[in-house]
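Quick note, the sequence shown lines up with residues 1092 to 1270 if you use the working numbering.
C-beta atoms are modelled at their ideal positions from N, C-alpha and C, and glycine is treated no differently.
This report concerns only the one structure given below.
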Amino acid sequence: CFLLFSISMRSITPEEVHEAARLAGLTVAPEKLERFANGIAACAEGQCVLGVCIAGFGDCDARLDNGCETDLRSTANRCGTCTTVCSAKANATAACVTGTCTLSCTTGFADLDGIPTNGCEVDLQTDPAHCGATAQPCPARANATSTCVAGACGFRCLPWFSDCDGNPGNGCEVDVRTD
């Protein structure tokens, strides 16, 4: 007995059958094929067993009746393998894209360090070094500390200084102890 599994969302092409069989080290006579879901099964000691799943699919529930039921290319709780779970991280949602876990940052956050385990670590609404967008620092002002509020740059005068003329370009220009 030799079974081709194919009751999935699409039909398996003859090329996929022969490629899956080749990867499993099997030779397949076309007249010996039967169809099931996304894989090839073979007989072992008189019993039909699943031999191999076609690329991108997995037999994650170990049930013969539904073959290789899981699309490992896009299933977040079975991404690339039956045991890989894409986990959401700080300020991000997880997805499985072509069998690889990816993160999508929540609006207003960014992943600048490229380390998936800490998610999207930069708050673009409050970080003066990345205010409103990545690599968009708030300008330094005289006698002031740069701020970022709701993604817009601002500044806060240091103690004993004030912005008396309202011109942000010259920062906090007046020392109130001497003026």
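Residue i, buried or exposed, once every other Cβ within 10 Å from all chains shown has been counted against 16
i, result
"N1182", "buried"
"E1136", "exposed"
"G1205", "exposed"
"G1149", "buried"
"E1125", "Because the pLDDT at E1125 is just 49, under 50, the model does not fix this residue reliably, and the value given afterwards should be weighed accordingly. Exposed is the call here."
"G1158", "buried"
"G1210", "buried"
"A1201", "buried"
Euclidean distance between Cα positions of residue i and residue j
i, j, result
"V1143", "D1162", "14 angstroms"
"P1207", "T1193", "8 angstroms"
"S1237", "V1267", "20 angstroms"
"W1251", "A1231", "18 angstroms"
"E1264", "G1190", "57 angstroms"
"N1168", "V1188", "12 angstroms"
"L1155", "C1222", "54 angstroms"
"A1185", "V1176", "9 angstroms"
"T1166", "A1146", "14 angstroms"
"R1101", "S1195", "Its pLDDT being 48, under 50, R1101 is placed unreliably in this model, and the value from its coordinates should be taken loosely. Their Cα atoms are separated by approximately 29 angstroms."
"T1172", "A1241", "41 angstroms"
"V1213", "N1129", "42 angstroms"
"T1225", "E1160", "41 angstroms"
"N1234", "R1247", "9 angstroms"
"D1254", "T1174", "59 angstroms"
"G1199", "L1215", "5 angstroms"
"P1121", "C1170", "Caution is warranted here: a pLDDT of 49 is assigned to P1121, below 50, making its placement in the model unreliable, and the coordinate value is therefore given only provisionally. Approximately 32 angstroms, taken between the alpha carbons."
"A1179", "T1217", "22 angstroms"
"P1219", "C1244", "7 angstroms"
Beta bridge counterpart(s) of residue i as assigned by DSSP
i, result
"T1236", "R1247"
"S1195", "T1184"
"D1156", "According to DSSP, D1156 bridges with nothing at all."
"S1253", "V1265"
"V1143", "I1131"
"D1214", "F1200"
"T1161", "G1149"
Proximity test, Cβ basis, 8 angstroms: residue i and chain B
i, result
"V1143", "Looking at the structure shown, chain B is missing, and only one protein chain is on hand."
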